[in-house]
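If you read the protein sequences in the order shown, they are chains A and B. Counting in this note's numbering, the final residue of the first sequence is number 484, and the numbers go up one at a time with none missing. Counting in this note's numbering, the final residue of the second sequence is number 505, and the numbers go up one at a time with none missing.
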Amino acid sequence: MPPAINGTGALAQNQIMPSELNRLTIAEARDRLRRRAISSRELTRDCLDRIAAIDSKLGAFLTISEHAALEQADAADKRLATGDAPALCGIPIGVKDVFATRGIRTTCASRILENFVPPFDATVIERMRADGAVFVGKTNMDEFAMGSSTENSAYKPTRNPYDLDRVPGGSSGGSAAAVAADECVAALGTDTGGSIRLPAAFCGVVGMKPTYSRVSRYGVIAYASSLDQVGPFTKTVRDTAIVMNAIAGGDPRDSTCSTRAVPDYEGALSGEVKGLRIGVPKEYFVDGMQPEVERAVRAAIAGYERTGAVIVPISLPHTEYAVAAYYLVATAEASANLARYDGVRYGLRVEADDNITLYNRTRARGFGTEVKRRIMLGTFALSAGYYDAYYLKAQKVRTLIRRDFEKAFADCDIIATPTTPATAFKIGEKTADPLQMYLSDIFTISVNLAGLPGLAFPCGYDGHGLPIGLQLIGPAFGEEPILRAADAWERSFTPRHPAL
Amino acid sequence: MAAENYEAVIGLEVHTHLLTRSKLFCGCSAGFGAGPNDNVCPVCMGMPGVLPVLNERAVELAIRAGLAAHAEITPLSVFDRKSYFYPDLPKGYQVSQYDLPICRGGYIELPPAADGAQKRVRLVRIHLEEDAGKNIHEAGASLVDFNRSGVPLVEIVSEPDIRSADEAVAYLRELRTLLLYLEASDGKMEEGSFRCDVNVSVRPHGTEKFGVRTEIKNLNSFRYVEKAIAYETARQIDLIESGGTVAQETHLFDSEREETRPMRSKEFANDYRYFPEPDLPPIRVGADMVEAIRAAMPELPAARRARYAAEFGLTPYEVGVLTQDRETAEYFEVVAAAVENRKAAANWVMTEVLRVVRESGKSFAVAAPPPAETAALMRMVEGSKISLTAAKTAFAAMVKAGGGAAATVESLGLAQVSDEAEIAAACERVLGAESAKVAEYRAGRDKLFGFFVGQVMKAMGGKANPKIINDILRRQLAG
């Protein structure tokens, strides 16, 4: 197993071989690019070579934009030479295939968008592009972000870099695996019920779902509009802060996006947790969870206590209703969001003599099983006579869950929980039982329903060497305290690296 | 029972485009008449990942309409998604409003009927929504033009307070006039920017209970509304009289056959699955915003009508014509303010000015002389500087060549002759030449007086002051 390269210490710097620049963190690469010790072209080349070498095994990418990436790298090098270099200038990024990318095929891992090339960029892509980021390709995902394992991709499964027989988590599994396997320096994902945090935990990388409204959703292909949120996958917490600095903030094209000022997230990383009150909810340590996960999470919490944090037992009593409420709200919104894929204007069309047949055939062939299941569920939940019993009730549960958190944050500053009840499962293990699959998200879903920021990062490994994720949850717009606490942990933790 | 023993119960749903420059949720032009799919962008085409951003002007115009209709402005209203599949509906749902519309209640006061009766039609609601695109079928292909997709609409829903086709048309005219005054809508039915669905049922006079109603869609002129209601009312009465029952269904009006036909149930039996639009925050309308909009409102037709009747002593008919839209009323007011005889000004605007505007099909500003010039012409008539006939000639020339009143009268030599000596000489010449007729007149054929006036006028090239001719002729004939 290669030595760890994460962290910001001097240790890593001399151990990176010239052909392994792809193993750098953003912070490390930023420093070398600015010093002109390396070029973005070299860094990008190493990422592309890594993709060429291993992605046939890993399956993290759906589209590789080699030519465009090298052009962007050259442009970044020119900009770096002038001394005008934003943090992401020249940094190779993987982009979940849910983001609209101008001129680059965007499929959402669905047959229905197999040949769709958007004429516009998502706002986050536009912002990163303006900063000089290099986009190496579009990463695999569960179709329309519906899933917890990336097995619902219409094209191929992505595999876990720590064990190719296991899933990387989902729905942003491609982005998580790509970062874990050094195919890119960082990646973008989206998180509707855990789709960043779960794969981050399974793949041993850092993944953050910001507060709902903190990052623009414009150009993010919608799954569930009131829950979807954009966030980064990175090798370190510091890198997550760097990406957040680049992507957070108001957007006139997204009316739900907050105009609240964006703090300097990287500047918030003081390493200090003394006096920080960390709430530990009893509902997040459940029967049937993997004992190694509970042990690692409790050990991490004990570690915080040793370094001066105050541990506060708390209760989030409505947690048990979260999964049910989520699958009503999310599917209801999805049933409308996915109505636009009708074969009329773009994407797949299966010809027919009349409209209804055209819709039926196009959607029957274009959508996968899980997408159809969720459209049916959501359509049912919104139907006349059922709306009050399902959709409306789920919204009420959502309010109760939000209040649980508000009450808890009166007694603590952040909340610590496991990210998932177990480490990565085997490919095919849960595909036959959708309910079992849905339960993978029990610790992440409440955070989306409440609109709060959540951060997942590695805190240990199980007996198979699979990563275990700790989740820190902040109050609304409380990204800084969770980033600070996670960074403090990371300073004394040596993450492993997958052998591929 | 005979047909006259039934009354119709009618409610109307009016959809009208709001006069905004851009669409409801994106920056594309909301204008009419561009080439197919010229005014489109990823947002109004329903591309994956796009989001709506609300046009504030549309909200203001909807509130204007609400205030003018005495409606309650909802402090917090919500957009909802209305789901159905149709090729012209790019997102598979229409962003509309369901249980929290922007305006609730209110009423439209109809102009007094001929017998002076007053009538109010109450409103249920006014809500904001986006329009869909347009399907075009040609050469065996179906095409969709999305220019109209996302153009802002308000839907104005009345209570079933209307009892006849005439009342329905009076309501629509009044509503249209109101929206024109507010500059909220251009009211153009032929371009589809003012459309109407009608709900009709019948019941025996004197009963409380509503009958089963049908909805008639596709009505794009006042005449069609009238015909459709007449047809549908008669159809329902016949059906009931022959022992049948009315089915609750949606009909389409066939303008060629002038009849309504039920649509296939598949075409309207929708469960729209409304739920709050998660991509748009609720619309919050504070009291200051409402007051600011109220303060900026123009004088409304009802107030203007009352003022015209009181200040100018005009008949209800004259008031109605002059206030039918803001341009006519404003033109009239400039003319009326500059002349002594308001009634004459009213007649002139109603006949001469409206005729040229109507015939040209263009706006007042383009078709008619500036109101100040029309007023100047009227003042010349009042001051006996020109005759009414000459004024008409001058006006026609002003419309055609665009000159001012004074210059036109001057260049056409239309100034009236009021010189008594000159007129007296002409009268003497005419009476001298027509001595036989003079004798007949003096013997009692009074009717010949008009002939003498005509001859004098002819002799003076039509420019003599007719009043002076009259006076002098009477004196000379009496002498």
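Virtual Cβ for every residue (Gly too), placed ideally from N, Cα, C.
### Task
Can you tell me the Cβ-Cβ gap for residue 354 of chain B and residue 380 of chain B, rounded? I've got them flagged as a contact below 8 angstroms.
Yes, residue 354 of chain B and residue 380 of chain B are in contact; Cβ-Cβ is about 7 angstroms, under 8 angstroms.
### Query
Quick one: Cα of residue 482 of chain B to Cα of residue 137 of chain B, how far?
The alpha-carbon atoms of residue 482 of chain B and residue 137 of chain B are separated by roughly 48 angstroms.
### Task
Please list the partners that residue 48 of chain B has in chain A, where partner means a Cβ-to-Cβ separation under 7 angstroms.
Those within 7 angstroms of residue 48 of chain B in chain A number zero; the least Cβ separation is about 13 angstroms.
### Between the CA atoms of residue 176 of chain A and residue 136 of chain A - distance to the nearest angstrom
Each residue's Cα considered, the two are about 16 angstroms apart.
### Task
Note down, in chain order, all residues in the region 292 to 306 of chain A with a beta-carbon under 7 angstroms from any beta-carbon belonging to chain B.
Here the close residues number zero.
#### Entry: Proximal residues of chain B, C-beta to C-beta of residue 103 of chain A below 8 angstroms
What residue 103 of chain A touches in chain B: 68 and 73.
### Task
Below 6 angstroms CB to CB, which residues in the same chain sit around residue 6 of chain A once its five sequence neighbours on both sides are set aside?
Cβ within range, chain order: 30, 31, 34 and 166.
### Query
In terms of residue numbering, what span does the beta strand (DSSP E) encompassing residue 218 of chain A cover?
Taken as a continuous stretch (DSSP letters only), the beta strand (DSSP E) holding residue 218 of chain A covers 213 to 218.
### Message
Please report the straight-line C-alpha distance between residue 77 of chain B and residue 305 of chain B, rounded to a whole angstrom.
### Response
Just so you know, the alpha carbons of residue 77 of chain B and residue 305 of chain B end up roughly 7 angstroms apart.
### Query
Whose Cβ in chain A lies nearer than 7 angstroms to the Cβ of residue 121 of chain B?
Chain A residues near residue 121 of chain B: none, gap ~10 angstroms exceeds 7 angstroms.
### Task
Using a Cβ-Cβ cut-off of less than 8 angstroms, list which residues of the region 148 to 171 of chain B approach chain A; keep chain order.
Only those residues of the region 148 to 171 of chain B whose C-beta falls short of 8 angstroms from the nearest C-beta of chain A are listed: 170.
### Message
Suppose contacts are defined by Cβ-Cβ distances below 8 angstroms. Is residue 45 of chain A in contact with residue 124 of chain A by that definition?
### Response
It is a contact, given that the beta carbons lie within the stated cut-off.
### Task
Would you be able to state if there are at least three C-beta pairs under 8 angstroms between the region 130 to 146 of chain B and the region 93 to 101 of chain B?
Yes: the two stretches touch, three or more of their Cβ pairs being nearer than 8 angstroms.
### Query
Looking at the C-beta of residue 474 of chain A, does it have a partner C-beta in chain B at a distance below 8 angstroms?
Answer no: the Cβ-Cβ gap between residue 474 of chain A and chain B never drops below 8 angstroms.
### Task
With distances taken Cα to Cα, identify the nearest neighbour of residue 368 of chain A among B/64, B/109 and B/53.
Nearest of B/64, B/109 and B/53 to residue 368 of chain A, Cα basis: B/109.
### Message
Among the candidates A/463, A/359, A/449 and A/415, whose CA atom is the shortest distance from the CA of residue 435 of chain A?
### Response
Looking at the Cα atoms, A/463 is the closest of the given residues.
### Query
Mapping DSSP to helix, strand and coil, what is residue 335 of chain B?
When DSSP states are grouped into helix, strand and coil, residue 335 of chain B belongs to the helix group.
### Task
May I ask you to report which of helix, strand or coil DSSP gives residue 493 of chain B?
It is helical.
### Query
On the premise that residue 221 of chain A lies in contact with residue 471 of chain A, defined as a C-beta separation below 8 angstroms, what is that separation, rounded to the nearest angstrom?
Under the criterion of beta carbons closer than 8 angstroms, residue 471 of chain A and residue 221 of chain A qualify as touching, at roughly 4 angstroms.
### Message
If contact is defined by three or more beta carbon pairs under 8 angstroms, each pair taking one atom from either stretch, is the region 297 to 305 of chain A in contact with the region 267 to 275 of chain A?
### Response
A contact exists between the region 267 to 275 of chain A and the region 297 to 305 of chain A.
### Task
Would you mind working out which of B/237, B/207, B/236 and B/252 sits nearest residue 222 of chain B, comparing C-alpha positions?
B/252 is the residue among B/237, B/207, B/236 and B/252 whose C-alpha sits nearest the C-alpha of residue 222 of chain B.
### Query
Based on the DSSP output, what are the partners of residue 81 of chain A in its beta bridges?
Residue 81 of chain A is not bridged to any residue.
### Query
What's the call for residue 143 of chain A, buried or exposed, on a 16-neighbour Cβ count within 10 Å?
It counts as buried.
#### Entry: Own chain residues within Cβ distance below 8 angstroms of residue 385 of chain A, not counting five before or after
Once the five neighbours on either side are set aside, the close Cβ partners of residue 385 of chain A are 300, 302, 303, 305, 306, 309, 430, 433 and 434.
### Message
Out of A/121, A/132 and A/58, which one is the CA nearest neighbour of residue 171 of chain A?
### Response
Ranked by how close their Cα comes to the Cα of residue 171 of chain A, the residues A/121, A/132 and A/58 have A/121 in first place.
### Query
Cα separation between residue 369 of chain B and residue 118 of chain B?
When rounded, the distance between both Cα atoms is 57 angstroms.
### Query
DSSP state of residue 292 of chain B, grouped into three classes?
With a pLDDT of only 49 at residue 292 of chain B, under the threshold of 50, the placement of this residue in the model should not be trusted; the figure read from the coordinates follows. DSSP, read as helix, strand or coil, puts residue 292 of chain B in helix.
### Query
Based on the DSSP secondary-structure assignment, which residues constitute the bridge partners of residue 443 of chain B?
Answer is B/490, bridged to residue 443 of chain B.
### Query
Helix, strand or coil for residue 53 of chain A per DSSP?
Residue state, collapsed to three classes: helix.
### Task
Output yes if chain B places a C-beta closer than 8 angstroms to the C-beta of residue 115 of chain A; else output no.
It does not; no Cβ of chain B falls within 8 angstroms.
### Task
Keeping to the same chain, check which residues put their C-beta closer than 7 angstroms to that of residue 247 of chain A; ignore five residues upstream and five downstream.
464.
### Task
Could you tell me if residue 274 of chain B is buried or exposed, where buried requires 16 or more neighbouring beta carbons within 10 angstroms of its beta carbon?
The residue in question, residue 274 of chain B, is exposed, as its Cβ has fewer than 16 Cβ neighbours within 10 Å.
### Message
Mapping the DSSP letters down to three states, classify residue 455 of chain A as helix, strand or coil.
### Response
Strand at residue 455 of chain A.
#### Entry: Spatial neighbours of residue 217 of chain B in its chain, beta-carbon cut-off 6 angstroms, leaving aside the 5 residues before and after
These residues qualify, in order along the chain: 58.
### Query
Closer than 8 angstroms, CB to CB, is residue 6 of chain A near chain B or not?
In terms of beta-carbon proximity, residue 6 of chain A stays away from the interface with chain B, with every pair separated by 8 angstroms or more.
#### Entry: Below-8 angstroms beta-carbon distance, residue 457 of chain A vs any chain B residue
By this cut-off, residue 457 of chain A is not an interface position.
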